[in-house]
Amino acid sequence: MPSPTSQPDGPERGRCSPAARRSRSRSVGPSTPVSWPEASVAEPHRIDPVTRPYAPSGLDAKPEVGAEGFFAVDLRVGTVVTAAPFPQAREPALKLTVDFGPVLGVLQTSAKISNYDPEELVGRQVVGAVNLGSRRIAGFVSQFLVLGGLEPDGTVRLLGADARLPDGAPVG
């Protein structure tokens, strides 16, 4: 049995996990200043529920992206670890921390949802797009996009699996 400090033999030697590669590719050296774009001061987007802007009958189909475009997005199932209000956001939102398993680990996001109590989300499985890059929102770094369906009035219904899956399970 190899010791815990020994190097593995064969094809695994010298390889790192996709999460490690992703974090290295995004890392910024300590001497490199990071400047984030300023938030727009335009009027925040407001949904008028009376006009039903998200009614399926009123939405045009989006152009085809092809299978390659779809499969380039890394969709994973994860479990909500924490959920808390995000009062600094311009629109009602929650901060979610989600465990995406041993490869991706725990990631955080800001979600424009106001129809869920934070306590009811903890332990729930959600679907997230985890390879879109990070985005800074009111001083908070959002690391993935949580997915939800929109009711005609704009209310978000979070997507999830119909059975419990391992954290990090791919969606395809």
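Numbering (my numbering), first residue to last: 407 to 578.
All C-beta atoms in this analysis are idealised placements derived from N, C-alpha and C, irrespective of residue type, glycine included.
Given Ala467, which residues of its chain have a CB within under 7 Å of its CB, disregarding the five upstream and five downstream residues? Closer than 7 Å at the Cβ level, and outside the excluded window around Ala467, lies no residue.
Return the chain-ordered ranges of every beta strand (DSSP E) run that is complete within the region 502–549 and spans a minimum of 3 residues. Correct list: 512–517, 531–535, 541–543 and 546–548.
Going by C-alpha to C-alpha distance, which of Phe506, Gly539 and Ala495 sits closest to Ser520? Of the listed residues, the one whose Cα sits closest to Ser520 is Ala495.
Secondary structure of Ala461, DSSP reduced to three states: Of the three classes helix, strand and coil, the one that applies to Ala461 here is coil, per DSSP.
Do you know offhand how far Ser431's Cα is from Gly539's? For Ser431, the predicted model reports a pLDDT of 40, less than 50, meaning its position is unreliable; a value from the coordinates is still stated below. Taking the CA atoms as reference points, Ser431 sits about 11 Å from Gly539.
Residues of its chain near Pro524, where Cβ-Cβ distance is below 7 Å and the 5 sequence neighbours each way are ignored: These residues qualify, in order along the chain: Ala489, Ala490, Pro491 and Leu500.
I'd like to check one pair, Thr485 with Asp573: are the Cβ atoms closer than 7 Å? In this structure, Thr485 lies closer than 7 Å to Asp573 by Cβ.
Terminal residues of the alpha helix (DSSP H) in which Ala489 lies: Note, Ala489: premise wrong, no alpha helix (DSSP H); beta strand (DSSP E) at Leu481 to Pro491.
Segment contact flag, the region 508–520 with the region 468–478, C-beta cutoff 8 Å, min 3 pairs: No, the region 508–520 is not in contact with the region 468–478.
Alpha carbon of Leu510 to alpha carbon of Ser548, nearest angstrom: About 15 Å.
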